[in-house]
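Colleague: Quick one: structure below, then a few questions.
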Amino acid sequence: MKSILKGVCIGLFIVTILTAGIYILLGFYYMEGFPCFTWINGVYCTGKNVEEVNRELCRKYKYDGISVVDKNGTKLFVSSDDVNYQVDFTDSLNEFLNKKNPFAWGYYFFHNPVASFDPKVSLDTSLLSGKIANWEIFMPDSELDVTLIRSDDGYILENDLEAVPQMEEIIESVYFSMMEREDEVYLYDIEGCYKSHRLNEEQQKVYDLYMKVDALQNCGLSYDVEGENFDVTKGVVADWIVTEDTYEVAASEKASKKEPGKGVFIINGEECSFPEEVTFDNGIALDENGNVILSESKMYSYLKSISMDHGTAYYMDKYRNGESNMIYVKDNSKGDGLLFEIQSEFDDLISSYLHGSFYEDRTVTLEPSDSVIEYDASDLLGKTYIEINMGEQHLYYYVNGELSMDMPIVTGNVNRSRGTPTGIFNVYNKRYHTNLIGVDYVSYVNYWLGVHKGVGIHDATWRSKFGDEIYKRDGSHGCINCPLDSVEKLWEVVEVGTPVLLYY
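For the sequence shown, my numbering assigns the number 40 to the initial residue and increments by one for each residue that follows.
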């Protein structure tokens with residue numbers, strides 16, 4: 040029994056000695072590296088020396104560089120290689136390791152050492168300065184200027200002096216951003232990166248002209264037509280301003296009751312005729328006092344174009360496309376096919392410019408004219424009909440919804456109050472080789488399609504040209520004049536009762 044106990048004691052002693060030896064040997068082992076179960080910035084460091092851990096950490100903290108964004112959105116990428124960018128954890132790792140007792144590894148077995156360090160960052164400032172100095176945003180002071188430019192968005196001012204990039208401040212901002220390992224830096228968010236330079240006398244004149252122009256451009260109006268918005272943008276208003284290119288036309292305009300705005304201009308809040316003395320500055324026409332000249336006829340043309348884009352032809356297209364059965368026709372024979380009232384809106388627009396009453400954005404709804412008649416095209420036209428667009432001076436014949444033939448025409452002379460009537464009618468008779476008799480004329484025609492009272496579609500062999508605006512100066516007595524060959528084909532296929540749509 041004693042011998043057994045003695046053997047056990049000897050065994051325990053040997054095991055203790057061996058364990059202590061192994062523990063001490065491991066302690067010496069950890070003197071060359073980090074203790075067991077050490078984690079630094081997510082890297083397992085046990086048994087590794089400072090150089091090895093630093094190498095792994097540097098790989099993990101790889102930095103590509105920074106994107107520098109100018110106030111105009113121009114970008115410059117500064118890569119880490121461009122500036123010899125370096126990261127290093129050596130000092131922090133040595134300090135951490137020196138505080139650890141390698142023979143306390145057993146304690147660390149149960150209480151794992153975990154640490155997080157920021158790297159020591161360095162870069163070559165001379166390389167950084169050279170990289171930024173070559174950036175395109177920097178211009179010599181002699182090249183900085185103020186320029187007035189006509190663009191699709193109206194007149195804009197390119198003011199190089201308003202916010203001049205400051206090289207030293209930008210270099211410093213980029214340096215600190217790279218030291219913080221940032222991926223982007225927006226210079227316009229950093230105070231001191233831009234400074235304004237004082238304008239000289241000539242530059243101040245350009246700036247003052249722009250302020251005059253821009254005050255006119257910012258009218259804030261929008262027109263609503265059947266739910267579709269038309270914004271009076273700066274580009275729209277810029278077209279109303281008389282320029283060197285439009286000067287001759289504007290100067291030759293004569294006031295006309297038939298053409299609203301013709302020969303009338305707005306200058307410094309007053310209506311007047313075109314000034315006798317005109318100068319040009321940056322291509323803009325100015326009166327003798329340096330005021331910008333606005334053309335009222337251009338304003339009216341803009342409103343008219345909106346209404347014309349939504350004329351009867353617009354609704355006929357919607358009808359043919361299956362979008363709507365309702366069409367609208369203005370009931371008159373004066374050549375005015377505008378469905379929407381624009382005269383009152385034109386007067387209001389003029390008044391706003393005269394009194395400077397553009398204070399906030401507002402939308403004006405264009406209302407249909409009182410003389411507009413609504414028709415159900417599916418009921419009155421169907422799919423086979425004649426469509427006569429007198430604004431285009433063109434006749435179209437549709438069969439089963441498809442265009443079968445078309446031709447240029449000449450309709451009633453609107454300047455002599457002989458305009459062709461508008462509306463939906465039906466072919467009420469067909470005649471061949473007949474005389475048209477009026478108060479002061481007798482005309483022989485080969486083909487006749489009666490449309491409404493004494494108005495019909497017929498050939499006009501006495502004409503050599505059709506279409507364009509002939510009807511305004513040399514139109515018919517109200518009938519629809521057509522080329523002989525074309526109307527012959529139409530006469531042969533059209534039946535009595537076929538609907539006819541007439542509109543301007």
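For every residue, glycine included, the Cβ atom is placed at its ideal position computed from N, Cα and C. On a predicted model such as this, the values are computed, not experimentally measured, just so you know.
One question on the structure: do Ser235 and Leu196 come within less than 9 Å of each other, judged by their Cβ atoms?
Modeller: It is not a contact, given that the beta carbons lie outside the stated cut-off.
Colleague: Anyone know if the C-beta pair for Tyr627 and Leu166 falls short of 9 Å?
Modeller: What is shown of the chain runs 40 to 543, which leaves residue 627 out entirely.
Colleague: Quick one: grab the DSSP three-state call for Gln205.
Modeller: In the structure shown, Gln205 sits in coil (DSSP, three-state: anything other than H, G, I, E or B).
Colleague: I need the DSSP call for His472, collapsed to helix, strand or coil.
Modeller: Three-state DSSP puts His472 in a strand.
Colleague: Compute the minimum distance between the beta carbon of Tyr100 and the heavy atoms of the ligand ADP, and state whether it is under 8 Å.
Modeller: With respect to small molecules bound, the structure shown includes none, and the ligand ADP cannot be examined in it.
Colleague: Per DSSP, Lys234 is paired with what?
Modeller: According to DSSP, Lys234 bridges with Val203.
Colleague: Please name the residue, chosen from Pro204, Tyr249, Met217, that lies closest to Gly231 on a Cα-to-Cα basis.
Modeller: Cα-wise, what sits closest to Gly231 is Pro204.
Colleague: Would DSSP call Arg189 helix, strand or coil?
Modeller: Note: Arg189 maps to strand in three-state DSSP.
Colleague: Could you work out which residue in Val484, Glu534, Glu531 is closest to Ile519 when comparing CA atoms only?
Modeller: The shortest C-alpha separation from Ile519 is found at Val484.
Colleague: Mind listing, in chain order, the continuous beta strand (DSSP E) runs of no fewer than 3 residues lying wholly within the region 360-410?
Modeller: Those beta strand (DSSP E) runs which fall completely within the region 360-410 and span 3+ residues are 365-369, 401-404.
Colleague: Here's the rule: buried if 16 or more other CB atoms are within 10 angstroms of the residue's CB, otherwise exposed. What is Thr450?
Modeller: Buried: at least 16 other Cβ atoms inside 10 Å.
Colleague: Report the rounded CA-to-CA distance for Asn328 versus Asp228, giving the unit in angstroms.
Modeller: The straight-line gap from Cα to Cα measures roughly 42 Å.
Colleague: Mark Gly458 as exposed unless 16 or more other C-beta atoms lie within 10 angstroms of its C-beta, in which case mark it buried.
Modeller: So Gly458 ends up on the buried side.
Colleague: According to DSSP, is Phe304 helix, strand or coil?
Modeller: Of the three classes helix, strand and coil, the one that applies to Phe304 here is strand, per DSSP.
Colleague: Run through the DSSP bridge pairs and tell me what Asp270 is partnered with.
Modeller: Answer is Ser261.
Colleague: Please state whether the Cβ-Cβ distance between Tyr194 and Val275 is less than 9 Å.
Modeller: Their beta carbons are not under 9 Å apart, which means Tyr194 does not touch Val275 by this criterion.
Colleague: Specify whether the region 277-289 and the region 317-337 touch according to this definition: at least 3 beta carbon pairs, one from each stretch, less than 8 Å apart.
Modeller: They touch, by the three-pair rule.
Colleague: Does DSSP classify Phe464 as helix, strand or coil?
Modeller: In the structure shown, Phe464 sits in a strand (DSSP, three-state: E or B).
Colleague: Take the Cβ of Glu335 as the centre, count every other Cβ of all protein chains shown within 10 Å, and call the residue buried at 16 or more, exposed below.
Modeller: Answer is buried; the Cβ neighbour count reaches 16.
Colleague: According to DSSP, what are the bridge partners of Val126?
Modeller: Its beta-bridge partners are Val160.
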